[in-house]
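So for the sequence shown, full-length UniProt numbering puts the first residue at 1; every next one is plus one.
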Amino acid sequence: MAERNPLRREWLKGLGFVDEVLEAAEGGFEVVLDCVGSAQTVEASVNAVEPGGMVVLVGLEATSASLPVQRLVLQEIGVKGAYVFTHDDFSRAVGLVAQLPDGLALVRPFSAYQETFQELLEGRLPQAKAVLVWEG
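Written as structure tokens, this is what we have:
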């Protein structure tokens, strides 16, 4: 797994879901899943996959991104889009939320929305997601 934010790298290592968390993905991976979908992560994903490998684009942040066409063609790298869920998948995922370990997402009252978004934008939180709970 690759994560640029040092707080998140340490947090992810502590969760135990992955063996290694890199600052940036470097070449040599058979399959790369881009779960962000920004122009930068699409490019990084293509650069991280080995010749003959597959890049799977899951994230939808950017509406477009440039691709290194020569690298894709000459190294026979595949690129595939994947829409992550069906209605049934989503219903199942909602049911699984209760089983998530504590600390996986930041939970704060809705009244703290401004500082929460600011901290997320500035990379000052280890969690990548925040849940704002409505009071009252």
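Cβ atoms here follow ideal geometry from the backbone N, Cα and C, with glycine treated the same way.
Owing to the predicted nature of the structure, the values given are computational and were not obtained by experimental measurement.
Closest residue to residue i among the options (Cα-Cα distance)
i, options, result
"residue 137", "L60, A65, V46", "The structure shown has nothing for residue 137, since the chain only spans 1 to 136."
"A128", "R108, R8, Q70, G16", "R8"
"V36", "A48, G59, A44, G52", "G59"
"residue 189", "A130, S64, E61, N5", "The displayed coordinates of the chain run from 1 to 136. Any statement about residue 189 would go beyond what the structure contains."
Collapsed DSSP secondary structure at residue i in the structure displayed
i, result
"R124", "coil"
"V46", "helix"
"R8", "helix"
"K129", "coil"
"L106", "strand"
"L60", "coil"
"residue 142", "With the chain covering 1 to 136 only, the question about residue 142 has no answer from this structure."
CA-to-CA distance, residue j to residue i, given in whole angstroms
i, j, result
"L132", "A98", "16 Å"
"V55", "T86", "21 Å"
"S38", "F117", "19 Å"
"S111", "L125", "18 Å"
"Y113", "P51", "44 Å"
"A105", "M1", "18 Å"
"D34", "G14", "22 Å"
"E30", "E135", "46 Å"
"E10", "A82", "28 Å"
Buried or exposed (CB count within 10 angstroms, at least 16 for buried), residue i
i, result
"G123", "exposed"
"T41", "buried"
"E3", "buried"
- Task: Decide if the stretch 87-94 is in contact with the stretch 63-77; the criterion is three or more beta carbon pairs, one per stretch, under 8 Å apart.
- Result: By the C-beta criterion, the stretch 87-94 is judged not to be in contact with the stretch 63-77, since fewer than 3 inter-stretch pairs fall below 8 Å.
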